[in-house]
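Enquirer:
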Amino acid sequence: MSIIARLKAWASNNVPLIFSILRFVQPNVLYKNYALITRFKDIQEALSRPNELGVTYADKMRVITDGSNFFLGMDDIPDYTRDVSNMRLAVRRDDLDKIVAPLTDKLAKQIMENSTGRIELVSELTSVVPCQFTAEYLGVSGIEPEKLFNWTCNLFQYLFYPDCPKEIEEAAIRDAASLRAHIDHLIEERRMLPASERDQKDDILERCLKLQESGTPGMTDYDIRNNLIGIIIGLVPTTSKCAILVLDYLLDNKALFTKAQRAAHLDDMHTLEQFVLETLRFKSFGAGLFRIANCDYTIAQGTWRSKKIKKGTQVFVATQSAMLDGRDLPHPKSFKLDRPRHVYMHFGYGMHTCFGQYINLIQIPNILKAILKSEHILRGKGELGIVQYREPYPISLTITHEQLSRHTDETSPDTTIEKPSKVA
Numbered sequence: 001m002s003i004i005a006r007l008k009a010w011a012s013n014n015v016p017l018i019f020s021i022l023r024f025v026q027p028n029v030l031y032k033n034y035a036l037i038t039r040f041k042d043i044q045e046a047l048s049r050p051n052e053l054g055v056t057y058a059d060k061m062r063v064i065t066d067g068s069n070f071f072l073g074m075d076d077i078p079d080y081t082r083d084v085s086n087m088r089l090a091v092r093r094d095d096l097d098k099i100v101a102p103l104t105d106k107l108a109k110q111i112m113e114n115s116t117g118r119i120e121l122v123s124e125l126t127s128v129v130p131c132q133f134t135a136e137y138l139g140v141s142g143i144e145p146e147k148l149f150n151w152t153c154n155l156f157q158y159l160f161y162p163d164c165p166k167e168i169e170e171a172a173i174r175d176a177a178s179l180r181a182h183i184d185h186l187i188e189e190r191r192m193l194p195a196s197e198r199d200q201k202d203d204i205l206e207r208c209l210k211l212q213e214s215g216t217p218g219m220t221d222y223d224i225r226n227n228l229i230g231i232i233i234g235l236v237p238t239t240s241k242c243a244i245l246v247l248d249y250l251l252d253n254k255a256l257f258t259k260a261q262r263a264a265h266l267d268d269m270h271t272l273e274q275f276v277l278e279t280l281r282f283k284s285f286g287a288g289l290f291r292i293a294n295c296d297y298t299i300a301q302g303t304w305r306s307k308k309i310k311k312g313t314q315v316f317v318a319t320q321s322a323m324l325d326g327r328d329l330p331h332p333k334s335f336k337l338d339r340p341r342h343v344y345m346h347f348g349y350g351m352h353t354c355f356g357q358y359i360n361l362i363q364i365p366n367i368l369k370a371i372l373k374s375e376h377i378l379r380g381k382g383e384l385g386i387v388q389y390r391e392p393y394p395i396s397l398t399i400t401h402e403q404l405s406r407h408t409d410e411t412s413p414d415t416t417i418e419k420p421s422k423v424a
């Protein structure tokens, strides 16, 4: 292995350490046509300037949708406000307690109860639940979970990873065409149903068609299809990967695992959600987000760390680094369950915060709860018990367990665990 290859390998395995050094020495870095932002306050500033530091996804979204954009790829323009407002009428906040929580709880619980004591979590649980949820809640049914999971992983990587390999890009373009055709068919099929049957349906597809029929602007068949595609891409791979990352971390930390398991037995969803948020600070879904400078912009203006970012610069906003910044997070190396929500940026920040963040923060804890309600959970033997990856996504982790769901004592888990982390 060459020296350069070794340096790259070392850097990829020590990202938190590199960020910690940069936060202290050079928080905002400019190099050729690239910029890197590492501190909490500067990252929230950058993500709060959607027109100055815009999203980079528009061109790829047009490939995925065959010509149109999706609100994820828009700056702060009228179409963005219209499309997000439309989808908030369809994907309602009160669905979280009424539909999302009981549905995902049921789906995950059924899978674990039918498990025979050994389960490969990705193919049998963490990828299946969001795919089944997509069918039942969004109304995008008729796709085998394995196929939908593979499609969305390819599409997510193509959309969000600038270094996406050529073969993944080609697969994503094929998968996008298949997904478009499938949803187009579902829309036509739904429209042909008798009114009595449609009245019994209350999924997102049906709600969108009702908005279309009421004359709501921005709700053509193509708009509905494109919005559903965008939501699905952000829903399926994120849920599966985060659930595996969190469980993998807990399995390596016995004290945390015990407390999380107690929360599961008590159906303490708030604590399980905090476990998800806090764990992902140390085992992040992704290191950050890319932006493009639409004009000259000075970050952290008036401070010693200010930098003028020129128009056209590719900007990497390191959200993982921000969530380890001790200037804004007390005791950043400690695992704490009582941190305020605003310090977490797993789903972005500002205008382009993930549209489905609240759904994901119900799905992921419910999947973990279903696992943790089992007893004697152990990693599978050898390679089976180690997370296997294909590109950035976990594709395999096997555990053994015993089916037993019982309550422990009726006390809530401790909120603070001063356990040093390996993260710098």
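First residue of the sequence shown? That's 1 in UniProt numbering, and the numbers climb one at a time after it. Glycine included, each C-beta is placed from N, C-alpha and C at the ideal position.
What would DSSP say about Q314, mapped onto helix, strand or coil?
Expert: In the structure shown, Q314 sits in a strand (DSSP, three-state: E or B).
Enquirer: The alpha helix (DSSP H) with Y222 in it runs from where to where?
Expert: From DSSP, the alpha helix (DSSP H) with Y222 extends over 221-251.
Enquirer: State the Cα-Cα distance for the pair L193 and C242, rounded to the nearest angstrom.
Expert: Taking the straight line from one Cα to the other gives about 37 Å.
Enquirer: Between the C-alpha atoms of Q26 and E45, what's the straight-line distance to the nearest angstrom?
Expert: The alpha-carbon atoms of Q26 and E45 are separated by roughly 17 Å.
Enquirer: Spatial neighbours of A318 within its chain, please: C-beta separation below 8 Å, excluding the five flanking residues on both sides.
Expert: Only F19, L36, I37, T38, I43, A287, G288 meet the Cβ criterion.
Enquirer: What is the DSSP secondary structure of K308, counted as helix, strand or coil?
Expert: Reduced to three states, the DSSP call for K308 is strand.
Enquirer: Inspect the beta-carbon positions of I367 and I399 and report whether they are closer than 7 Å.
Expert: Result no, Cβ atoms of I367 and I399 do not sit closer than 7 Å.
Enquirer: Is T65 near N226, with beta carbons less than 7 Å apart?
Expert: Contact: yes.
Enquirer: Does the segment 207-218 come within contact of the segment 79-88, defined as at least 3 CB pairs closer than 8 Å?
Expert: The segment 207-218, when compared against the segment 79-88, does touch it at the 8 Å Cβ threshold.
Enquirer: Taking the beta carbon of S48 as the centre, do at least 16 other beta carbons fall within 10 Å, making it buried, or is it exposed?
Expert: The residue in question, S48, is exposed, as its Cβ has fewer than 16 Cβ neighbours within 10 Å.
Enquirer: If you draw a straight line from the C-alpha of N14 to the C-alpha of L7, how long is it?
Expert: Computed Cα separation, rounded: 10 Å.
Enquirer: In the DSSP assignment, the beta strand (DSSP E) including H401 goes from what residue to what residue?
Expert: Taken as a continuous stretch (DSSP letters only), the beta strand (DSSP E) holding H401 covers 398-402.
Enquirer: Leaving aside the five residues before and after F275 along the sequence, list all residues of the same chain whose C-beta is less than 6 Å from its C-beta, in chain order.
Expert: Excluding residues within five positions, the ones whose Cβ falls inside 6 Å are A260.
Enquirer: Buried or exposed for R339, going by 16 or more other Cβ atoms inside 10 Å?
Expert: So R339 counts as buried.
Enquirer: Taking a contact to mean a Cβ-Cβ separation below 7 Å, would you say I292 touches G73 in this structure?
Expert: Not a contact, by the Cβ cut-off of 7 Å.
Enquirer: Using a Cβ-Cβ cut-off of 6 Å (strictly less than) and excluding sequence neighbours within five positions of G230, which residues of its own chain qualify?
Expert: Answer for G230: F70, L72, listed in chain order.
Enquirer: Considering only residues of the segment 313-396, which uninterrupted alpha helix (DSSP H) runs meet the minimum length of 4 residues and lie entirely inside it, listed in chain order?
Expert: If we require 4 residues or more, the alpha helix (DSSP H) runs fully inside the segment 313-396 come out as 319-322, 357-372.
Enquirer: With distances taken between CB atoms, is the gap from S284 to Q320 smaller than 7 Å?
Expert: Contact flag set, yes.
Enquirer: Using the three-state DSSP reduction, which class does Y161 fall into: helix, strand or coil?
Expert: The answer is coil: DSSP assigns Y161 none of H, G, I, E or B.
Enquirer: Is the separation between the beta-carbon of T152 and that of V236 shorter than 7 Å?
Expert: Yes. Within cutoff.
Enquirer: I'd like to know whether the C-beta of S240 is nearer than 7 Å to at least one C-beta of chain B.
Expert: Among the protein chains of the structure shown there is no chain B, as only one such chain exists.
Enquirer: Under 7 Å, do V100 and I364 count as touching if we go by C-beta distance?
Expert: No, these two residues do not count as a Cβ contact at 7 Å.
Enquirer: Any contact between the segment 85-92 and the segment 206-215? By contact I mean 3 or more CB pairs, one from each, below 8 Å.
Expert: Yes: the two stretches touch, three or more of their Cβ pairs being nearer than 8 Å.
Enquirer: Just the Cα atoms here: how many angstroms apart are D296 and Y349?
Expert: Spanning the two alpha carbons is a distance of roughly 21 Å.
Enquirer: Can you list, in chain order, the residues of its chain whose CB lies under 6 Å from that of L250, leaving out five sequence neighbours each side?
Expert: Cβ neighbours of L250 beyond the five flanking positions: L256, F257, A260.
Enquirer: Mapping the DSSP letters down to three states, classify T298 as helix, strand or coil.
Expert: Strand at T298.
Enquirer: Please report the distance separating the alpha-carbon of P16 from that of R281.
Expert: Taking the straight line from one Cα to the other gives about 10 Å.
Enquirer: Using DSSP with H/G/I as helix, E/B as strand and the rest coil, what is N13?
Expert: Correct three-state label for N13: helix.
Enquirer: Return the CA-CA distance between D95 and K201, expressed in angstroms with no decimal places.
Expert: C-alpha separation (whole angstroms): 14 Å.
Enquirer: Taking all protein chains shown into account, do 16 or more other C-beta atoms lie within 10 angstroms of the C-beta of G234, making it buried, or fewer, making it exposed?
Expert: With 16 or more Cβ atoms within 10 Å of its Cβ, G234 is classed as buried.
Enquirer: Would you list the residues sitting across from E120 in a DSSP beta bridge?
Expert: E120 is bridged to T398.
Enquirer: Which value, in whole angstroms, describes the spacing of the CA atoms of R390 and R198?
Expert: Approximately 40 Å between the Cα atoms of the pair.
Enquirer: Within 10 Å of its beta-carbon, does S306 have 16 or more other beta-carbons around it, so buried, or fewer, so exposed?
Expert: So S306 counts as exposed.
Enquirer: Enumerated in chain order, which unbroken segments of the alpha helix (DSSP H) with a length of 4 residues or greater are wholly contained in the segment 256-283?
Expert: For the segment 256-283, whole alpha helix (DSSP H) runs of length 4 or above, ordered along the chain, are 269-282.
Enquirer: State the Cα-Cα distance for the pair F40 and V343, rounded to the nearest angstrom.
Expert: So the alpha carbons of these two residues sit roughly 9 Å apart.
Enquirer: Once DSSP output is grouped into helix, strand and coil, what is the label at F290?
Expert: Looking at F290 - three-state DSSP - the assignment turns out to be strand.
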